[in-house]
Amino acid sequence: MSEVRGAKAGYHHGDLRNALVEAASELARGGGPEAVVLREAARRVGVSPTAAYRHFANQADLLRAVKDEGQRRLADSMEAVLAETAPPAGGDPAEAAKARLMALGLGYVRFAVTEPGMYRTAFCRVGTDREKWTDEGGAAQAGPGDARSFLLLVEAIDAIDAAGAMRPGARTGAEFAAWSSAHGLAMLILDGPLHDVPPPQRDVIVDRALTTILDGLTR
-11 MSEVRGAKAG YHHGDLRNAL VEAASELARG GGPEAVVLRE AARRVGVSPT
39 AAYRHFANQA DLLRAVKDEG QRRLADSMEA VLAETAPPAG GDPAEAAKAR
89 LMALGLGYVR FAVTEPGMYR TAFCRVGTDR EKWTDEGGAA QAGPGDARSF
139 LLLVEAIDAI DAAGAMRPGA RTGAEFAAWS SAHGLAMLIL DGPLHDVPPP
189 QRDVIVDRAL TTILDGLTR
């Protein structure tokens, strides 16, 4: 999509901000965070840069909004795979909790593979921004889309622990170990030696890596 529904007809009155985020997200899809340029987003929507600056203080402000959108889409991908693979109700809670973590990991890597530009944007640094965390290690004051993917992971690991399937002593920091492993795998596929692996072999690698993460946490 090279334009947002044909210039000025592409947004409803009062919805210019969302149209600009949509246009900027398309730029990110094609070229990552470096491609998010406020003037180009305004051109695609069919308004002047001056009009765009009424909604975004600067280019970093627009990039921050696209980053939030990338995080939302990442969480959506994780939830979509979770819905696709949900086990039938009434089964073993421990096995259901393990399957949930596997599904979330698959949705995480799938988003990176299918939307590399938005994935990179979802984790880009914007200016001097840094994530804020509680003493317990959870997201405290994240942006609108920043926390959901992480909270899905925490909930899945908590469910494994509650079902009695966690290895003794493995719960502390488990979300960071799992997150780091899945993120590292995604980056190896995007920018590393796994980039040119054919999809069937890549799927086997992803499944094996996620299974290894799960096996390291559970009994």
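The working numbering puts the first residue of the sequence shown at -11, with every later residue one more than the last.
Cβ coordinates follow ideal geometry from the N, Cα and C atoms, glycine included.
Quick one: grab the DSSP three-state call for residue i.
| i | result |
| --- | --- |
| T160 | coil |
| R5 | helix |
| S(-10) | Here S(-10) scores only 39 on pLDDT, less than 50, and its place in the model should not be relied on; the value that follows carries that caveat. Coil. |
What are the start and end residues of the alpha helix (DSSP H) that includes residue i?
| i | result |
| --- | --- |
| D56 | Q47 to T73 |
| R136 | R136 to A150 |
| V194 | P187 to L205 |
| L26 | L26 to V33 |
| P37 | P37 to Y41 |
With 16 other CB atoms within 10 Å as the buried threshold, where does residue i fall?
| i | result |
| --- | --- |
| V114 | buried |
| S168 | exposed |
| G93 | buried |
| V97 | buried |
| E103 | buried |
| R207 | exposed |
| G161 | exposed |
| R108 | buried |
| A11 | buried |
| G204 | exposed |
| F138 | buried |
| F164 | exposed |
Going by the C-beta, is residue i closer than 7 Å to any heavy atom of the ligand HEM?
| i | result |
| --- | --- |
| G172 | Questions concerning the ligand HEM fall outside what the structure shown contains, since it holds no ligand whatsoever. |
Practice task
Inspect the CB distances between the stretch 75 to 85 and the stretch 168 to 183 and report whether three or more fall short of 8 Å.
Solution key: Between the stretch 75 to 85 and the stretch 168 to 183, the count of Cβ pairs shorter than 8 Å is below three; the stretches do not touch.
Exercise for the section: Please go through the stretch 68 to 113 and give each complete beta strand (DSSP E) segment of 3 or more residues, from N-terminal end onward. Expected result: For the stretch 68 to 113, not a single whole beta strand (DSSP E) run of length 3 or above is found.
Handout entry: Stretch-stretch touch, CB-based, cutoff 8 Å, three pairs: the stretch 147 to 158 with the stretch 50 to 61
Key = Short answer: they don't touch.
Exercise for the section: For the stretch 14 to 23 and the stretch 64 to 71, state whether three or more C-beta atom pairs, one from each stretch, are separated by less than 8 Å. Expected result: No, they do not touch.
Exercise for the section: For the stretch 20 to 31 and the stretch 59 to 66, state whether three or more C-beta atom pairs, one from each stretch, are separated by less than 8 Å. Expected result: Short answer: they don't touch.
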